[in-house]
Ligand SMILES: [Zn+2]
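Residue numbers (the numbering used here): 108 to 362.
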């Protein structure tokens, strides 16, 4: 691999994942241009592409500021709310990051927003605000069934896929996950690891698909312990994974 992936912090807790080599860089979800411009200037890198997973301002707010300096392709969803996208992509379509030759396949995963996409390829997943370490995005424009479908499809990716999420939410997510899945030893381990990293001001990401299968209550909706917790919260017996996810999502919103 002749490139690395660097997290640039933006706004309060966003990451702008930056794929870079010695001369060039591509960025995923630049919510703010400033930290990206600072980094690229400091490292003397030329921008070659922008990738957008969804239209929220904290993911696309930096597009214009970067495009003012570099005329580069912007890969994103079919959603007019992101005016700067030059190549709109559907489920199964591919894009290639110029110069890096990294080919990424698009997965349409509506739930957090109605047009949210993820990029997958070269052992990486850029999933915006759909999948977080030990959590999932809020359902602003979608349903629990859509989120369940999205997460189920992401969990079919290879276990060692590195999961680059849009926000540093892990410690708070683990706190909720431990309430929903209290006897899960993998969660205790993740809690210790994540807290230690945050104490050193280091990112807890990327995660992996294997880690999410082991720790994320929103993908563990068939586990008896998670179902029992969701039932307790809902005050009734939920007998399908979508119902369990819906209860967890509602519980988490007020946790
Ligand atoms: Zn969002």
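We put the beta carbon where it would ideally sit given N, CA and C, even for glycine.
Identify every run of the alpha helix (DSSP H) within the region 338 to 362, keeping only runs that are complete inside it and at least 4 residues long; order them along the chain.
-> 348 to 360
Quick one: is residue 333 near chain C, going by C-beta distance under 8 angstroms?
-> Among the protein chains of the structure shown there is no chain C, as only one such chain exists.
Heavy atom of ligand 1 within 7 angstroms of residue 244 beta-carbon | yes
4-residue-minimum alpha helix (DSSP H) runs that sit fully inside the region 248 to 331, ordered along the chain = 251 to 261, 277 to 287, 292 to 306 and 316 to 322
Quick one: give me the first and last residue of the alpha helix (DSSP H) that residue 211 is part of.
-> Residue 211 -> not in any alpha helix (DSSP H); beta strand (DSSP E) instead, spanning 209 to 215.
Would you check if the region 306 to 326 and the region 258 to 275 touch, i.e. whether three or more CB-CB distances between them fall below 8 angstroms?
-> yes
Using a threshold of 7 angstroms, is the CB atom of residue 186 nearer than that to any non-hydrogen atom of ligand 3?
-> Summarising the ligand content, the structure contains ligand 1 and does not contain ligand 3.
Could you check what DSSP says for residue 233 in three-state terms: helix, strand or coil?
-> strand
On a CA-only basis, which of 214, 176 and 153 is nearest residue 182? Give me that one, please.
-> 214
With DSSP run on the structure shown, which of helix, strand or coil describes residue 164?
-> helix
heavy atom of ligand 1 below 7 angstroms from residue 166 C-beta | yes
What are the boundary residues of the alpha helix (DSSP H) that residue 111 is part of?
-> Segment 111 to 117 is the beta strand (DSSP E) holding residue 111; no alpha helix (DSSP H) there.
If you draw a straight line from the alpha carbon of residue 325 to that of residue 352, how long is it in whole angstroms?
-> 6 angstroms
Relative to the C-alpha of residue 189, which residue among 123, 162, 109 and 298 is closest?
-> 162
For residue 196, does the three-state DSSP call read helix, strand or coil?
-> coil
Should residue 247 be labelled buried (16 or more other beta-carbon atoms within 10 Å of its own) or exposed?
-> exposed
Return yes when at least one heavy atom of ligand 1 lies under 7 angstroms from the C-beta of residue 139, else no.
-> no
Who are the near neighbours of residue 152 in its chain, counting only those whose CB is closer than 7 angstroms to its CB and skipping five residues on each side?
-> 127, 130, 131 and 132
Around the C-beta of residue 362, are 16 or more other C-beta atoms found within 10 angstroms, so that it is buried, or is it exposed?
-> exposed
Got a sec: does ligand 1 put a non-hydrogen atom nearer than 7 angstroms to the Cβ of residue 236?
-> yes
Answer yes if the region 295 to 307 comes into contact with the region 133 to 140, meaning at least three C-beta pairs across the two stretches below 8 angstroms, and no otherwise.
-> no
To the nearest angstrom, how far is it from the Cα of residue 252 to the Cα of residue 218?
-> 8 angstroms
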